[in-house]
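As structure tokens, the structure follows; a few thoughts come after it.
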Amino acid sequence: MSTNFNRKPEKYLGLVTSGSLSKGLQVRIRSSAPLEHIQTGQFVAIESNGVRFFGMLTDVALEATTDSILLDPPGDDTSALVREVLQGVYTYGDAHVDNRLALYQGDANPRPVRSIPAHFTSVYIAEETDFDAVFGSEDLFQGGKNFAIGKPLDMEIDICIDLERFVERSNGIFGKSGTGKSFLTRLLLAGLIRADICSNLIFDMHNEYGEQAQAENKKFVKGLRSLFSQKVQVWSLKNTRLGGSGSIDGEIFIGLNQIEVEDILLLQDELNLNATASESAYILKEKYGDKWIVELLNGDPEQIATDSRANIQSVKALRNKLHALKNLPFVVDHSSIDSVNQIVDNLARGKHIVIQFGKSDNMLSYILVANIVTRIIHEKYKDKVDQYRQSQKASDEPRRVMITIEEAHKFLTPAVAGQTIFGTIAREMRKYYVTLLVVDQRPSSIDSEIMSQIGTRVVALINDERDIDAVFTGVSGSSGLKTVLASLDSKQQALVLGHAAPMPVVIRTRPYDEAFYKQIISGLELARSTVDWDDLDPDSQEEARQKAIEEVKDLYG
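Heads up: the sequence shown is residues 3 to 559, going by this note's numbering.
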């Protein structure tokens, strides 16, 4: 009934004893390995009648053939032989497998499961061929969509995600403080830049993505511009640069005339605005247009209240709070959008932009700038998409852009998600060729509708129950995955699931080190230089391509 395809005996886990398509499979453990060595998160393969099923081990339990053995368990004085007999005959381990994919004979790629293996089908811990069948191998060439994000916990095999599918929707990187979210983010961004699949706009609050960043071991690692000097630009807020931060490609300053009421409402917590602030702000906006903040800060509040028919006390309170904006070093009374237009043009030409906040690394500056710049970019891209739809010319099709924001819950709480441009982008998905990469340690504070739209999730350790529930919003079969997530180490481990991953998988995250630099840069150059590309036919190109990739792997690991 089942075929084992010459699998390694040491990989044998046990036999399927029960289960269902919706709830997963129960596996009677008969492995030669100690039960203590069988861990949640392991990838398993089940082969039955020409179908290879793939799943994840999500739970391990102790069971007994009779309750009597549990009511009168052997004591400490019981011999080891008696214990061994009892454990092998009357007590046993049971594993739960979340069955996700099936590969049918003749098919090149696995499909979502629509059936289950028969009783007593053998189950094995996955081998290299299983990982290759599901996740593929990394493509080191520019434009290669497969990017290795890490390795299985107990094997030295690449786990790849599909970068083309990754940028199709908004995505999230989640984990509690200190679990390496910024390193995961930098890793993924480097893969996207090398593949040249989209342009990236990164709001770099803590100056970690440009030239260099400091790891927790106090060593410095390369930033994105250090890796891709010709592709990545670093922009700074005016008058905020830190000493020794390197050169910049442009400066951004924000005019009070560019600030909308919605931008102010997003700053409610940072400015400690009262309940009447929004009403007063809308009244002043209607009266004075783009100059409403300048008039409020520079004029007589009593005269402004009289002219606009607003409450005098509310006007004074709002005026006092908004003085904090004028004191920001990069804010001026009036500004055009020339600098943002330059950023849009550079993104359209395939550049990647890192906006550093320097000395203004506070939430007030971060929220204000990120919201205004993103809003203008989104408006520009809507115009580009409308033009493309009218002309239907390939030359008019906009280049996709992914916007990276940290502390994402500040922009996407239930109270403000409906009003912010980030909420709009997350709900529109890729309608206007702009998506998000949200990085956050408190996903429970993000609006549930937004979380349900997140395509791919890379989740490091999270302990808070509300955050764990939020991470799995809209994910089927999440109960077993919650158990897996809770068992992760606090460093260099993550659960990857969603649109760009064929099935959920636990990884040891790829190191961001010298070997990675060589693979991402030197490896790419070597792969290009090993063949005279133009002289080869398509079949020979593919053969040479695979040979070059193997050479790169041999050289750089």
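Cβ coordinates follow ideal geometry from the N, Cα and C atoms, glycine included. Remember, it's a predicted structure, so these values are computed and weren't measured experimentally.
Asked	Found
Meets three-Cβ-pair contact criterion under 8 Å: the segment 403–410 and the segment 419–437	yes
Sufficient close CB pairs (3 or more, under 8 Å) joining the segment 173–185 to the segment 320–328	no
Counted within 10 angstroms of its Cβ, other Cβ atoms place GLY482 as buried (16 or more) or exposed	buried
Beta-carbon separation (whole angstroms), TYR514 vs ARG243, contact threshold 8 Å	In fact, because the Cβ distance is near 25 Å, the residues do not count as touching under 8 Å.
Buried or exposed (CB count within 10 angstroms, at least 16 for buried), TYR383	buried
Spatial distance of HIS380 from ALA215 (CA atoms)	29 Å
Cα-Cα separation between LEU15 and ALA47, rounded to whole angstroms	10 Å
Cβ contact (3+ pairs, closer than 8 Å) linking the segment 477–492 and the segment 515–522	no
Straight-line gap, GLY291 to VAL356 (C-alpha atoms, nearest Å)	31 Å
Nearest-angstrom Cα separation, counted from ASN465 out to ALA150	27 Å
Beta-carbon contacts of ASP265 that lie in its chain and below 7 Å, excluding the five residues immediately before and after	LEU370, ASN373 and ILE374
Nearest residue (CA-CA) to SER249, options VAL236, LYS240 and LEU194	VAL236
Sufficient close CB pairs (3 or more, under 8 Å) joining the segment 51–67 to the segment 114–132	yes
Top-ranked residue by Cα proximity to GLN443, from GLU262, LEU497, LYS183 and LYS233	LYS183
N- and C-terminal bounds of the beta strand (DSSP E) containing ASN465	From DSSP, ASN465 is part of no beta strand (DSSP E); its letter is neither H nor E.
Closest residue to GLY108 among ASP61, ILE127, LYS433 and ALA135 (Cα-Cα distance)	ALA135
Identity of the residue in GLU130, ARG102 and GLN28 nearest LYS10 by Cα	GLU130
Counted within 10 angstroms of its Cβ, other Cβ atoms place MET365 as buried (16 or more) or exposed	exposed
Beta-carbon contacts of GLN344 that lie in its chain and below 7 Å, excluding the five residues immediately before and after	GLY252
Contact set for PHE424: own chain, Cβ-Cβ below 7 Å, skip 5 residues either direction	THR376, ILE407, PHE413, LEU414 and LEU438
Terminal residues of the alpha helix (DSSP H) in which VAL477 lies	No alpha helix (DSSP H) holds VAL477; DSSP gives it neither H nor E.
Residue span of the alpha helix (DSSP H) that contains TRP134, given as start and end	Correcting the residue type first, residue 134 is Asp in the shown sequence and not Trp. Element bounds for ASP134: 130–137.
The beta strand (DSSP E) enclosing ILE48, as first and last residue numbers	45–50
Residues near SER228 by beta carbon distance below 7 Å, same chain, minus five either side	GLU213 and GLN214
Selection from LEU194, SER70 and ASN101 that minimises the alpha carbon distance to GLY26	ASN101
Inter-residue CB distance, ILE448 and ALA472 (contact presumed, cutoff 8 Å)	7 Å
Which of helix, strand or coil DSSP assigns to ALA150	strand
CB contact flag (VAL387, ASP335, <8 Å)	no
Straight-line Cα distance separating GLU38 from PRO504	28 Å
Reduced DSSP category for ALA417 - H, G, I as helix; E, B as strand; rest coil	coil
Nearest candidate by alpha-carbon position, reference LYS433, set TYR390, LEU299, ASP69 and LEU286	TYR390
Under 8 Å between C-beta atoms of PHE122 and LEU17	yes
Spatial distance of THR458 from GLY500 (CA atoms)	4 Å
Buried or exposed by the 16-neighbour rule on C-beta atoms within 10 Å, applied to PHE222	exposed
Opposing strand residues paired with GLN235 [DSSP bridges]	ILE355
Segments of 4+ residues assigned as alpha helix (DSSP H) that fall wholly inside the segment 255–320	263–268, 270–273, 279–290, 294–300 and 303–310
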